[in-house]
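**Student:** Shown below is the structure under consideration.
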Amino acid sequence: MIGTSPVNLMGAVGIILNEAGHVLLQHVAGRDVWGLPGGLCELGEPPQHTMTREVREETGLEVMEFKLLELLTTPHRHLPNGDEAYFYTAVYHVTEWQGTPVPDGIEGIELAFFSPDDLPALRGLPAHWAAKWLLARSDTS
1 MIGTSPVNLM GAVGIILNEA GHVLLQHVAG RDVWGLPGGL CELGEPPQHT
51 MTREVREETG LEVMEFKLLE LLTTPHRHLP NGDEAYFYTA VYHVTEWQGT
101 PVPDGIEGIE LAFFSPDDLP ALRGLPAHWA AKWLLARSDT S
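When we follow the UniProt record's numbering, the leftmost residue of the sequence shown carries the number 1, and every step to the right adds one.
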C-alpha cells in the first residue's frame with residue numbers, strides 16, 4: 001500500500017505440458033496444495049520476463065517459446081499484514097522448454113506432471129483457471 005491507497009500487483013505463471021499433455025505443478029512448501037510455477041513481477045519487470053525467470057528459479061527449466069493465454073484479475077483484497085491490493089496475473093502456455101524439472105526446495109518442495117483429469121488440490125486462481133483450460137483443451141483433442 002502506498003499511503004492509504006491500494007496497489008496493483010502484477011504476476012505471471014507458466015503452464016508447462018509434457019508430451020502426454022500432463023501439466024507441471026509444484027507442491028507449495030508448508031501447505032498441502034499445488035500450484036503453477038510463477039510469481040510477482042519485480043519493479044519494472046514485464047510479465048513475460050517474470051514468467052521465464054520464475055519458471056527457471058522454481059523448476060530449473062529454460063523457457064524457449066510461449067504464448068499469452070489470459071490476464072486474470074482478482075477482486076480487491078485485504079492482506080493479513082493490512083495491505084490492500086488488486087492482483088493481475090498473466091497466464092502463459094509454455095510451448096517449448098528445455099531441461100529436467102527440479103524443485104527449488106524453497107517455494108516448491110516437489111514437482112510433478114499431472115493428468116488434467118486427475119489434479120491434486122490446487123492453490124490460487126491461476127491454477128484453477130489452468131485446470132479448466134486443460135480440461136476444455138482435452139475435450140477438443
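All C-beta atoms, glycine included, are put in the ideal place defined by N, C-alpha and C.
None of the values given here were measured: they were computed from a predicted structure.
Any idea if Glu65 is buried or exposed, counting beta-carbon neighbours within 10 angstroms, 16 or more meaning buried?
**Tutor:** Exposed, by the Cβ-count rule.
**Student:** What three-state label does DSSP hand Ala121 in the structure shown?
**Tutor:** Note: Ala121 maps to coil in three-state DSSP.
**Student:** So Val55 is in the beta strand (DSSP E); what residue range does that whole segment cover?
**Tutor:** Segment 47-59 is the alpha helix (DSSP H) holding Val55; no beta strand (DSSP E) there.
**Student:** Under 8 Å between the Cβ atoms of Gly39 and Gly99?
**Tutor:** No.
**Student:** Closest to Ala121 by CA distance: which of Ser5, Pro6, Leu17, His27 is it?
**Tutor:** Selected option, being the one with the closest Cα: His27.
**Student:** Excluding five sequence neighbours on each side, which residues of the same chain lie with their C-beta closer than 8 Å to the C-beta of Glu67?
**Tutor:** With the sequence shown as reference, residue 67 is identified as Lys, and Glu is not the correct amino acid for it. Tyr92, His93, Thr95, listed in sequence order.
**Student:** Just how far apart, CA to CA, sit Leu69 and Leu79?
**Tutor:** Rounded to the nearest angstrom, the two C-alpha atoms are 27 Å apart.
**Student:** Under 8 Å: do the segment 40-53 and the segment 126-141 share three or more Cβ pairs, one atom per stretch?
**Tutor:** The segment 40-53 vs the segment 126-141: no contact.
**Student:** Taking the alpha-carbon of Gly108 as reference, which of Met10, Pro116, Asp32 has the nearest alpha-carbon?
**Tutor:** When each option's Cα is compared against that of Gly108, the closest is Asp32.
**Student:** Could you tell me the alpha carbon to alpha carbon distance between Trp97 and Arg77, rounded to whole angstroms?
**Tutor:** Taking the straight line joining both Cα atoms gives about 34 Å.
**Student:** Could you give the DSSP three-state label for Ala127: helix, strand or coil?
**Tutor:** In this structure, Ala127 counts as helix in the three-state DSSP scheme.
**Student:** Ends of the beta strand (DSSP E) at Ile16?
**Tutor:** First-last of the beta strand (DSSP E) with Ile16: 7-16.
**Student:** Can you check whether the C-beta of Val23 is within less than 8 Å of a C-beta belonging to chain C?
**Tutor:** Reference to chain C is not applicable here, since this structure consists of a single protein chain.
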